[in-house]
DNA sequence: TGACACAATGCAATCGTTTGCATACCCTAC
DNA sequence: GTAGGGTATGCAAACGATTGCATTGTGTCA
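Residue numbers (the working numbering), protein chains in the order written: chain A, 10 to 367; chain B, 10 to 367.
Below, the structure written as structure tokens:
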């Protein structure tokens, strides 16, 4: 007997580390060539082999608990059933639901998700992408995009299927799933106006992100549409989507001395920063100033006061992004579509009619 | 000239999709055998080849931007520089910081992290593990462990390096990084007692998890140590670590009609559920009932009232778990140590002296 | 000068799958 | 009876890297 270092058959109770059985083992048992087994195991080529034999091979594969080795398969075919998910910061409550639902959707399709959090990282994004590319990932979900993003350009150039989520880029050639920011701002602004506010301040986000940019322009647009006069001195864009930036921004507005009764912010964290700035000055929300957020982060309904904000369909964002990516992977020629999901205004305690209202 | 389907050298401006250069390309340029290049590229075997040649090969590798193909390498060596991270639910705020810091630590060591959220999933955990195993992952970080966990058993049995994080298992053979729950409960209980509370209720978590189990027993232990009389009817373990379970539990306690002035909970979400139960009955926290949480989830400092709780070193948990796993991967014979990180009591507005205090 | 040790490199098999091509076989039709 | 056309399978070369063993070359020592 030739050397037989494994016990592929009847290895039931053996104490040996039973190394996963492979296509050759099956071939040996079935008395056929490995290539035949391979053809049976691949649904696309199964029809090449006689039905009876195919059935037998499948049965054996099942019996020995065969699982394709993705490394070997990937090496040969360049398809790894692996996708990368890049996010700027997992501890930002916006991302976990996106990541989770995207991962779940991918998993259901037989893919695995490699997580890359670029915030907590010494390597640059480019380095990370190179790393993923070296691993022959099939595609990439990017939540990190800036409006002009070299990383995205690089992916497009290298032909890596990419889908952007949450944020998008300026040049319109890459598929994306984003929130409908125009609608969101419209809802928030209309809400404040309906409450009777006329002197409304705005605290936006970085203009380098599509969300910061879109929300800012949506504000200008919708104010005009409503015939609302905006005080330029009361419209500013913060340098980051963070509590600290929001606090700074509102402090700036308060110091400017221009009167206002409401602040529309482009992000929940900015809104929370506003809470801090108000609290430090003994001002009350909503009695003195109404505040709206954007995102509906978890637990903002429990804050003091509960935050009026725009609920983004985070789960759907992740699911749709994953589905879109799968579609692109399957057929790279698919046209780059951009999905915009409608947000929902959630009215809570942080908004009320202005003090001087009738 | 033999067929040469690539342009490995001087491929600078070519419009062709420049396929990643490999070890053979380098060998050809350097005029040596691929195996020599391989030896140079592997630090462990570099000393086998003459210094001058090694340098030259490295220079060329650098010039052509060589990157090892992890698939091929992994196929041959069974080492993929990949680890899996399994968590029960990414939208539970406890996990993102753990995942993020673990991932960052792994990345710095040249590993990538595959994320698996078992909650949002139709496949069972076993199936997922099999999937990861098929991909020859080097190790696994599990945040999903129950006290008697077949998945953990399976991993240990199959020799997959495993590190548990946040939760651990009963049988003591697997390395873990957890919070020091005994200390946490001790701090919380001492805090309430110091405020003057004597009739203290407890809402714990599922006894199938190590955290639920340890905190419950720590409570009994510490109460005895402090000479504190616990009313059995006021000590219950909820069926889940969730807001709903917490609300149900506290409603049960209130319905029982036994007097108490404080509730010590085993988890922030349980505590938030208590807020709901109190609010629904018009009771105030902390005036009528003090409440303590466990975890210090993000934003509980902004809730109404801000929650007194135990801050777990989530980042450290992730980092340590990753480091421990790397150590085990490197040397599977390393003894299974269990790290316990000390929590910190964060006193906020949800605790105060009881109403009947002097 | 020849034997031997040792250092540096080449050779070729291997990891597990896939796939273009060759082959063997059977059936039909002229 | 043989040419032609399928159909079902085998063969062997990839994919890219690693590694035990073989080979070559160089120096040392007796």
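Quick reminder that beta carbons are idealized off the backbone N, C-alpha and C, glycines included.
Cα-Cα separation, residue i to residue j
i: residue 144 (chain B); j: residue 80 (chain A); result: 7 Å
i: residue 399 (chain B); j: residue 170 (chain B); result: Here chain B covers residues 10 to 367 and nothing more, so residue 399 (chain B) does not appear.
i: residue 262 (chain B); j: residue 175 (chain A); result: 43 Å
i: residue 332 (chain B); j: residue 180 (chain B); result: 22 Å
i: residue 315 (chain A); j: residue 236 (chain B); result: 41 Å
i: residue 34 (chain B); j: residue 48 (chain B); result: 15 Å
i: residue 363 (chain A); j: residue 294 (chain A); result: 11 Å
i: residue 83 (chain A); j: residue 77 (chain A); result: 10 Å
i: residue 41 (chain A); j: residue 334 (chain B); result: 42 Å
i: residue 108 (chain A); j: residue 201 (chain A); result: 32 Å
i: residue 138 (chain B); j: residue 68 (chain B); result: 41 Å
i: residue 365 (chain A); j: residue 211 (chain A); result: 20 Å
i: residue 71 (chain A); j: residue 32 (chain A); result: 12 Å
i: residue 284 (chain B); j: residue 259 (chain B); result: 9 Å
i: residue 214 (chain B); j: residue 97 (chain B); result: 15 Å
i: residue 157 (chain B); j: residue 73 (chain A); result: 28 Å
i: residue 217 (chain A); j: residue 177 (chain A); result: 11 Å
i: residue 330 (chain B); j: residue 93 (chain B); result: 12 Å
i: residue 241 (chain A); j: residue 296 (chain B); result: 45 Å
i: residue 53 (chain A); j: residue 324 (chain A); result: 33 Å
i: residue 228 (chain B); j: residue 246 (chain B); result: 12 Å
For residue i, the three-state DSSP class (helix, strand or coil)
i: residue 261 (chain B); result: helix
i: residue 64 (chain B); result: helix
i: residue 346 (chain A); result: coil
i: residue 169 (chain A); result: coil
i: residue 317 (chain A); result: strand
i: residue 239 (chain A); result: coil
i: residue 361 (chain B); result: coil
i: residue 94 (chain B); result: strand
i: residue 183 (chain B); result: coil
i: residue 298 (chain B); result: coil
i: residue 229 (chain B); result: helix
i: residue 221 (chain A); result: helix
i: residue 161 (chain B); result: helix
i: residue 10 (chain A); result: Note that residue 10 (chain A) scores a pLDDT of 30, beneath 50, so its modelled location is shaky; the value from the coordinates is reported in the next line. Here residue 10 (chain A) sits in coil by DSSP.
Boundaries (first-last residue) of the alpha helix (DSSP H) holding residue i
i: residue 204 (chain B); result: 190 to 204
i: residue 36 (chain B); result: 32 to 39
i: residue 49 (chain B); result: 43 to 50
i: residue 337 (chain B); result: 323 to 339
i: residue 140 (chain B); result: 134 to 143
i: residue 114 (chain B); result: 104 to 117
i: residue 287 (chain B); result: 277 to 289
Residue i, enclosing beta strand (DSSP E) - first and last residue
i: residue 271 (chain B); result: 271 to 274
i: residue 354 (chain A); result: 353 to 355
i: residue 82 (chain A); result: First-last for residue 82 (chain A): 79 to 86, but that is the alpha helix (DSSP H), not the beta strand (DSSP E).
i: residue 308 (chain A); result: Where residue 308 (chain A) is concerned, there is no enclosing beta strand (DSSP E), given that its DSSP letter is neither H nor E.
i: residue 249 (chain B); result: Unbroken run through residue 249 (chain B): none, as it is neither H nor E.
i: residue 122 (chain B); result: 121 to 126
i: residue 211 (chain A); result: 209 to 213
i: residue 150 (chain B); result: 148 to 151
Proximity test, residue i beta-carbon vs the ligand ADP heavy atom, cut-off 6 Å
i: residue 106 (chain B); result: Of ligands this structure carries none, so the ligand ADP is not represented either.
Task: Near-chain A residues of the region 62 to 82 of chain B (beta-carbon distance less than 8 Å), N- to C-terminal order - done: When C-beta distances to chain A are compared with 8 Å, the residues of the region 62 to 82 of chain B below that value are 76, 77, 78, 79, 80, 81, in chain order.
Open item on the list: Measuring CB atoms only, is the region 159 to 166 of chain A touching the region 214 to 230 of chain A, in the sense that at least three cross pairs come out at less than 8 Å?
Closed with: These segments do not touch.
Task: Against chain B: residues of the region 138 to 155 of chain A by CB proximity under 9 Å - done: If you check each beta-carbon in the region 138 to 155 of chain A against every beta-carbon of chain B, the ones closer than 9 Å belong to 139, 140, 141, 142, 143, 144, 145.
Task: Segment contact flag, the region 273 to 282 of chain B with the region 244 to 258 of chain B, C-beta cutoff 8 Å, min 3 pairs - done: They touch, by the three-pair rule.
Open item on the list: I want to know whether the region 132 to 148 of chain B touches the region 79 to 93 of chain B - three or more CB-CB distances under 8 Å.
Closed with: Here the region 132 to 148 of chain B lies against the region 79 to 93 of chain B, with 3 or more beta-carbon pairs under 8 Å apart.
- [ ] Examine the Cβ distances between the region 285 to 303 of chain B and the region 121 to 128 of chain B and report whether three or more of them are shorter than 8 Å.
- [x] Between the region 285 to 303 of chain B and the region 121 to 128 of chain B there are fewer than three inter-stretch CB-CB distances shorter than 8 Å, so the stretches are not counted as touching.
- [ ] Give a yes or no on contact between the region 108 to 115 of chain B and the region 51 to 69 of chain B, applying the rule of three or more CB pairs nearer than 8 Å.
- [x] With the cut-off at 8 Å, the region 108 to 115 of chain B and the region 51 to 69 of chain B do not touch.
Task: Contact the region 306 to 321 of chain A vs the region 348 to 358 of chain A: 3+ CB pairs below 8 Å - done: A contact exists between the region 306 to 321 of chain A and the region 348 to 358 of chain A.
TODO: Could you list the residues in the region 99 to 113 of chain A with a C-beta less than 9 Å from some C-beta on chain B, going in chain order?
DONE: For the region 99 to 113 of chain A, which is checked against every Cβ of chain B, the residues closer than 9 Å are 99, 100, 101, 102, 104, 105, 106, 108, 109, 110, 112, 113.
Task: Members of the region 120 to 131 of chain B that neighbour chain A once the beta carbon cut-off is set at 9 Å - done: Those residues of the region 120 to 131 of chain B that come within reach of chain A (Cβ to Cβ, closer than 9 Å) are 121, 122, 123, 124, 125, 126, 128, 129, 130, 131.
Open item on the list: Which residues of the region 294 to 322 of chain A have a Cβ closer than 9 Å to any Cβ of chain B? Give them in chain order.
Closed with: Under the 9 Å Cβ criterion, the region 294 to 322 of chain A contributes 306, 307, 308, 309, 311, 312, 313, 314, 315.
Open item on the list: Between the region 184 to 192 of chain B and the region 335 to 355 of chain B, can you find at least three pairs of beta-carbon atoms closer than 8 Å?
Closed with: Under the three-pair Cβ rule at 8 Å, the region 335 to 355 of chain B counts as touching the region 184 to 192 of chain B.
- [ ] Residues of the region 269 to 296 of chain A with a CB closer than 7 Å to any CB of chain B: list them in chain order, please.
- [x] Per Cβ criterion, the list reads 281.
Open item on the list: Under 9 Å, CB to CB, which of the residues in the region 327 to 356 of chain B have a partner in chain A?
Closed with: Listed by position along the chain: nothing, the set is empty.
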